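Trainee: Please find one structure pasted underneath; my questions will follow.
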Amino acid sequence: MPPNGEVSSLTGTAYHGPTAFTTTQWSVVLEAQGESPAAQEALANLCRKYWRPIYSFVRRKGIRPEEAEDVTQGFFAQLLERGSFGAVRKEKGRLRSFLLASLKYFLVDQQRRAMAIKRGKGQRLIPLEELRADERIDMEPADPVTAEMIYERRWALTVLERVINRLKDEYRAAGNAALFDSLKQLLPDEPGAPSQAEIAARLWMTENAIRQAFYRFRQRYQSLLREEIAHTVATPGDIEDELRHLISVVEA
Numbered sequence: 001m002p003p004n005g006e007v008s009s010l011t012g013t014a015y016h017g018p019t020a021f022t023t024t025q026w027s028v029v030l031e032a033q034g035e036s037p038a039a040q041e042a043l044a045n046l047c048r049k050y051w052r053p054i055y056s057f058v059r060r061k062g063i064r065p066e067e068a069e070d071v072t073q074g075f076f077a078q079l080l081e082r083g084s085f086g087a088v089r090k091e092k093g094r095l096r097s098f099l100l101a102s103l104k105y106f107l108v109d110q111q112r113r114a115m116a117i118k119r120g121k122g123q124r125l126i127p128l129e130e131l132r133a134d135e136r137i138d139m140e141p142a143d144p145v146t147a148e149m150i151y152e153r154r155w156a157l158t159v160l161e162r163v164i165n166r167l168k169d170e171y172r173a174a175g176n177a178a179l180f181d182s183l184k185q186l187l188p189d190e191p192g193a194p195s196q197a198e199i200a201a202r203l204w205m206t207e208n209a210i211r212q213a214f215y216r217f218r219q220r221y222q223s224l225l226r227e228e229i230a231h232t233v234a235t236p237g238d239i240e241d242e243l244r245h246l247i248s249v250v251e252a
């Protein structure tokens, strides 16, 4: 376990200061209860971002890959069609909890029957072809880890992956791709990480410059992480609680 206040994996050092909370896709959905076109589009965008935890849960339940794809597509098609948000208040307004509760109800209702995609004129809403081979292996029901545990871990990893990709895009847009690749190696849990002195020599920079660059890197990462989490909770007060939950899942 890391020292108090320190965040493991890709999250750097925790900062518990205030975070700006603007209107997010999930807050749009909650305020409209899914009834407006804007809310429907916002929910569809969120589903496209966070479908991997759903698929991993379905696979961990022992459903074959092809059927699991149909179940995942069917779940999101029904969710977007019906827009039922009765369980949101019970799940404290968090997208992560709402989707898991909705999925469990969906699976019970379907009784694991094979589902053809009948809605949306056959349109496949979720890009399941993006699954890498190693991701498929991780989702196989080959160990005693529960489907809920797999879902929670995949959710946390999806959040972290989205954040690090956003940060990478920012550095590349500024012409600092090489600096990003080097600074990312300094994050906790990165295997074979070089020292700051080694990175400085490689990039023809001073060690102090690298130290300052990494400080800014971590600060921006923390800001983006909270922005990403804000898209999945209902109120600003939920951000830090959700962050602590994600950290505990990654560290487990």
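To convert, note that position 242 of the sequence shown is 242 in this note's numbering; the numbers rise steadily by one, no gaps.
The beta carbon of each residue, even a glycine, is placed where N, CA and C say it ideally should be.
As the structure is a prediction and not an experimental result, all values here were calculated from the model.
#1: Just to confirm, is the Cβ distance from Gln196 to Ile210 under 8 Å?
#2: Return the chain-ordered ranges of every alpha helix (DSSP H) run that is complete within the region 139-219 and spans a minimum of 4 residues.
#3: Please state whether the Cβ-Cβ distance between Pro37 and Thr158 is less than 8 Å.
#4: At a cut-off of 7 Å, is Leu246 close to the ligand SAH when judged by its beta-carbon and the heavy atoms of the ligand?
#5: Keeping to the same chain, check which residues put their C-beta closer than 7 Å to that of Gln78; ignore five residues upstream and five downstream.
#6: Assuming Glu228 contacts Arg162 under a Cβ cut-off of 8 Å, what Cβ separation, rounded to an integer in Å, is found between them?
#7: Roughly how many whole angstroms lie between the Cα atoms of Gly17 and Arg226?
#8: Taking only three categories from DSSP, how would you classify His245?
#9: Compute the beta-carbon to beta-carbon distance between Val233 and Trp26, rounded to the nearest angstrom, for a pair I have assumed lies under 8 Å.
#10: If you follow the alpha helix (DSSP H) that Tyr105 is part of, which residue opens it and which one closes it?
#11: What residue range is occupied by the uninterrupted alpha helix (DSSP H) comprising Tyr50?
#12: In its own chain, which residues sit with a C-beta less than 8 Å from the C-beta of Leu80, not counting the 5 before and 5 after it?
#13: Taking C-alpha atoms, which residue in Asp169, Glu198, Ala173, Ala174 lies nearest to Ser182?
#14: Going by DSSP in three states, Val250 sits in which element: helix, strand or coil?
#15: Quick one: what's got a C-beta closer than 8 Å to Leu167's C-beta in the same chain, skipping five residues either side?
Mentor: Working from what's here:
#1: To locate residue 196, count along the sequence shown from 1; it is residue 196. To locate residue 210, count along the sequence shown from 1; it is residue 210. Yes, these two residues count as a Cβ contact at 8 Å.
#2: Unbroken alpha helix (DSSP H) runs of no fewer than 4 residues, entirely contained in the region 139-219, are found at 147-173, 177-184, 196-203, following chain order.
#3: As a first step, residue 37 must be located in the sequence shown, where it is residue number 37. As a first step, residue 158 must be located in the sequence shown, where it is residue number 158. The answer is no: Cβ separation not under 8 Å.
#4: Looking for the ligand SAH in the displayed structure turns up nothing, as the structure carries no ligands at all.
#5: Position 78 of the sequence shown, counted from the first residue, corresponds to residue 78. If we look at Gln78 and ignore the five residues flanking it on each side, its Cβ neighbours are Phe106.
#6: The residue labelled residue 228 in the question sits at position 228 within the sequence shown. The residue labelled residue 162 in the question sits at position 162 within the sequence shown. Cβ-Cβ separation between Glu228 and Arg162: approximately 6 Å, consistent with a contact (criterion under 8 Å).
#7: Looking up residue 17 in the sequence shown gives position 17. Looking up residue 226 in the sequence shown gives position 226. The pLDDT assigned to Gly17 is 42, lower than 50, so where the model puts this residue is not dependable; a value taken from the coordinates is nonetheless given after this. For the pair Gly17 and Arg226, the Cα-to-Cα distance works out to about 11 Å.
#8: As a working note, residue 245 is residue 245 in the sequence shown. In the three-state DSSP reduction, His245 falls in the helix class (H, G or I).
#9: Against the sequence shown, residue 233 aligns to sequence position 233. Against the sequence shown, residue 26 aligns to sequence position 26. Rounded, the Cβ-Cβ distance is 7 Å, consistent with contact.
#10: Here residue 105 refers to the residue found at position 105 of the sequence shown. From DSSP, the alpha helix (DSSP H) with Tyr105 extends over 95-110.
#11: Working through the sequence shown from its first residue, we reach residue 50 at position 50. Counting along the chain, no alpha helix (DSSP H) covers Tyr50, and no H or E run does either.
#12: For the purposes of this step, residue 80 is taken as residue 80 along the sequence shown, with counting starting at 1. If we look at Leu80 and ignore the five residues flanking it on each side, its Cβ neighbours are Gln40, Leu43, Ala44, Cys47, Leu125.
#13: By one-based count along the sequence shown, residue 182 stands at place 182. Looking from the CA of Ser182, the closest CA among Asp169, Glu198, Ala173, Ala174 belongs to Glu198.
#14: Locating residue 250 in the sequence shown gives position 250, where the first residue counts as 1. Residue state, collapsed to three classes: helix.
#15: The residue labelled residue 167 in the question sits at position 167 within the sequence shown. So the qualifying residues of the chain are Phe180, Phe217, Arg220, Tyr221, Leu224.
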